[in-house]
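In my numbering, the protein residues as written are 0 to 527.
Backbone N, C-alpha and C fix where the C-beta goes; we use that ideal spot for every residue, glycine too.
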Amino acid sequence: MAESLQQLVLDTLDAHGTIADTRLLTIPGQSLPASSHEEQITILGALNSLLSREMIKYESHEISSHALTAEGAQIVNEGSHEARVWAALPAKGHGKPLTPVQLKKQVGDETAKVGQGRAFKNGWIGKDGDGLVKLVPAIQDTTQIDLQEIASTGTLKAGEKTLADLRKRKLIVQRKGQWFTVHKGSNFSTSTAKPETDLTVDMLTSGAWKTSTFKKYNFDAEGVPTYGGALHPLLKVREEIRNIFLEMGFAEMPTSSFVESGFWCFDALFVPQQHPARDLQDTFYLSDPKQSLPPEPEYYKRVSTVHEHGGFGSTGYRAPWSHEESSKLLLRTHTTASSAHMLYKLAAKCRGEKVEGDEGEFTHGATSTSGDEKDDGFRPAKLFSIDRVFRNETMDATHLAEFHQVEGVVADRGLTLADLIGFMRVFFNKMGIEKVRFKPAYNPYTEPSLEIFAFHPMLDRWVEVGNSGMFRPEMLEPMGFPKDVRVHGWGLSLERPTMIRYGINNIRTLVGHKVSIEGIENSPAVMF
Numbered sequence: 000m001a002e003s004l005q006q007l008v009l010d011t012l013d014a015h016g017t018i019a020d021t022r023l024l025t026i027p028g029q030s031l032p033a034s035s036h037e038e039q040i041t042i043l044g045a046l047n048s049l050l051s052r053e054m055i056k057y058e059s060h061e062i063s064s065h066a067l068t069a070e071g072a073q074i075v076n077e078g079s080h081e082a083r084v085w086a087a088l089p090a091k092g093h094g095k096p097l098t099p100v101q102l103k104k105q106v107g108d109e110t111a112k113v114g115q116g117r118a119f120k121n122g123w124i125g126k127d128g129d130g131l132v133k134l135v136p137a138i139q140d141t142t143q144i145d146l147q148e149i150a151s152t153g154t155l156k157a158g159e160k161t162l163a164d165l166r167k168r169k170l171i172v173q174r175k176g177q178w179f180t181v182h183k184g185s186n187f188s189t190s191t192a193k194p195e196t197d198l199t200v201d202m203l204t205s206g207a208w209k210t211s212t213f214k215k216y217n218f219d220a221e222g223v224p225t226y227g228g229a230l231h232p233l234l235k236v237r238e239e240i241r242n243i244f245l246e247m248g249f250a251e252m253p254t255s256s257f258v259e260s261g262f263w264c265f266d267a268l269f270v271p272q273q274h275p276a277r278d279l280q281d282t283f284y285l286s287d288p289k290q291s292l293p294p295e296p297e298y299y300k301r302v303s304t305v306h307e308h309g310g311f312g313s314t315g316y317r318a319p320w321s322h323e324e325s326s327k328l329l330l331r332t333h334t335t336a337s338s339a340h341m342l343y344k345l346a347a348k349c350r351g352e353k354v355e356g357d358e359g360e361f362t363h364g365a366t367s368t369s370g371d372e373k374d375d376g377f378r379p380a381k382l383f384s385i386d387r388v389f390r391n392e393t394m395d396a397t398h399l400a401e402f403h404q405v406e407g408v409v410a411d412r413g414l415t416l417a418d419l420i421g422f423m424r425v426f427f428n429k430m431g432i433e434k435v436r437f438k439p440a441y442n443p444y445t446e447p448s449l450e451i452f453a454f455h456p457m458l459d460r461w462v463e464v465g466n467s468g469m470f471r472p473e474m475l476e477p478m479g480f481p482k483d484v485r486v487h488g489w490g491l492s493l494e495r496p497t498m499i500r501y502g503i504n505n506i507r508t509l510v511g512h513k514v515s516i517e518g519i520e521n522s523p524a525v526m527f
């Protein structure tokens, strides 16, 4: 079809020198001229193909026409609503007037509703008692006449005012179209054979390149844009948060253990073995292998004792201890399990033990706030981690079953809750989140505990972004820490601060199959 249409244009130009109006062309396969807008679009495709080879030149002309709606077509066949109302009524004094209800039954609800008003306005009908009658013996249905003219010509001699009225009544719709005037180009030919675009081995071998016509190279054309990799917004925010921690003198913890035992994920943190967070509905447990290797026996005994019988000033949970529950393998529900490992290593010096690989591990940026250095082996520490955790949760706009947690601990003598609140305000302010609130909460391993909320402008509400508190003596003293050592601990979501920074209101558009690749490529770097 396209090639035959191109050939028609070239043959017509060869015969007449120019094509004044493409609407007069007859498309191959049909007997009538190409007068419709759709047909002119088809012709435009053929013209552009020839123009690219400089075989023709053309000018386009815009036109405006009108077409009937379904209601307008009905009026052309049956008459306007007002004419049908007039025709249904008896002449005044020559019959019983029709009531509005009787008129509706005779001409229909829509015709009676629209036609009465216009017939009254034209002076064609009037009231007679409780009914309606004709006031004039004959009428001229100008609406039908105008629509008949539009149906045949696409326009109306009566002028724009009448057209506007018909458009307002939704009897016609305006359509814009175009047609073209075509001239010969610099490479005019009646042959539609396309020039070669590549010099091939076969052409060189056969010598066909000598007689072939090649398409001109456009050395000014822009090349295909190159696309490189792009960092995901989570990675950008992760790096910003990591730099904030390092700037504040923290050392990064190793957190590569996605699989933990129930002991390190819960028991070492003084989470009761009957706690709901340890149910299948909240935690992913491994089916193979199911059990972990046992921890250091003396520490394991101290932890089980403080759970079951109490100690270190606590009465414990007074519940039977289950070794099976403690040895279960699971996907860690928080990176606090890694913090527990690191704190246990830190306390080794207080116990007079040496843990392999801990030399210099905790001293980065660590400065005591108490000013009282004792020779019990304890040294202050500031540690952080940013890594993935897993929870068996129902997904919604702010929750996923797998997400990232920002974890931090500060260990020193004489720390207070005011120190923790002050630190969190400074930390979030460096992230660019100024509206922060704290609410008292309960955590098994921290007392006192605080939930952290930040204001989300897109959701227009306060969103929980983390949890914090001071680790309980029941957790720290079994590890071997002195009684005056306090540890701040907190866990923050990485996803929610990212959503706030980038104005994202649904976490499922931040990660997962609904993520916009273009959005990731164009997302700005976050500057806290």
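Within its own chain, the residues whose Cβ lies closer than 6 Å to the Cβ of residue 181, once the five positions on either side in sequence are excluded, are 18, 55, 57, listed in chain order. In this structure, residue 330 keeps its C-beta atom at 9 Å or more from the C-beta atom of residue 268. Cβ-Cβ distances below 6 Å link residue 427 to 435 in the same chain, with the five nearest sequence neighbours on each side left out; the list follows chain order. Ranked by Cα distance from residue 443, the first of 335, 400, 504, 169 is 335.
For residue 169, same chain residues with a beta-carbon under 7 Å away, outside a window of 5 residues either side, are 68, 70 in chain order. Taking all protein chains shown into account, residue 144 has fewer than 16 neighbouring C-beta atoms within 10 Å of its C-beta and is therefore exposed.
The region 252-264 makes contact with the region 273-292, as at least three CB pairs between them are under 8 Å. Rounded to whole angstroms, the separation of the alpha carbons of residue 222 and residue 162 is 49 Å.
In the DSSP assignment, residue 127 is bridged to 130. Excluding its 5 nearest sequence neighbours in each direction, residue 318 has C-beta neighbours in its own chain below 8 Å: 271, 272, 273, 306, 307, listed in chain order.
DSSP assignment within the region 157-242 yields the following whole alpha helix (DSSP H) runs of 4 residues or more, N-terminal first: 159-167, 200-205. Counting C-beta pairs with one atom in each stretch, the region 182-190 and the region 71-79 have fewer than three that are closer than 8 Å, which means they do not touch. DSSP places residue 417 in the helix class (H, G or I) of the three-state scheme. By the criterion of a C-beta distance shorter than 8 Å, residue 171 is surrounded in its chain by 65, 66, 67, 68, 71, 146, 149, 162, 165, once the five residues flanking it on both sides are discounted.
Judged by DSSP in its simplified three-state form, residue 447 adopts strand. Annotated as distal: residue 510 and residue 520, with beta-carbon spacing of 9 Å or more. Look at residue 313 here: in three-state DSSP terms it is strand. Residue 176 and residue 39 do touch by the CB rule: their CB atoms are close to 6 Å apart, below 8 Å.
Here the alpha carbon of residue 90 sits roughly 57 Å from the alpha carbon of residue 43. Cβ neighbours of residue 326 within its own chain (closer than 8 Å, five residues either side excluded): 260, 261, 262, 290, 291, 293. In this structure, residue 114 and residue 84 form a Cβ contact; the two beta carbons are roughly 3 Å apart against a cut-off of 8 Å. Assignment of residue 469 by DSSP, reduced to helix, strand and coil, places it in the strand class.
For residue 438, the secondary structure class from DSSP, reduced to helix, strand or coil, is strand. DSSP places residue 489 within a strand segment (E or B) once states are collapsed to three.
For residue 60, the uninterrupted beta strand (DSSP E) segment begins and ends at 55-67. Between the region 240-259 and the region 337-347 there are three or more inter-stretch CB-CB distances shorter than 8 Å, so the stretches are counted as touching. Residue 116: not part of any beta strand (DSSP E); member of the alpha helix (DSSP H) spanning 108-121, first to last residue. Beyond the five residues adjoining it in sequence on each side, residue 403 comes within less than 8 Å, by CB distance, of 233, 237, 385, 386, 387, 388, 492, 493, 494 in the same chain, given in chain order. The three-state reading of DSSP puts residue 482 in coil, since its state is none of H, G, I, E or B.
Fully enclosed alpha helix (DSSP H) runs of no fewer than 4 residues occupy 261-264 of the region 250-304, in order along the chain. In this structure residue 473 is not in contact with residue 321, their Cβ atoms being roughly 18 Å apart against a cut-off of 8 Å.
For residue 386, the secondary structure class from DSSP, reduced to helix, strand or coil, is strand. Look at residue 4 here: in three-state DSSP terms it is helix. For residue 401, the enclosing beta strand (DSSP E) covers residues 401-412. Nearest neighbour of residue 155 by Cα position, chosen from 513, 430, 173, turns out to be 173.
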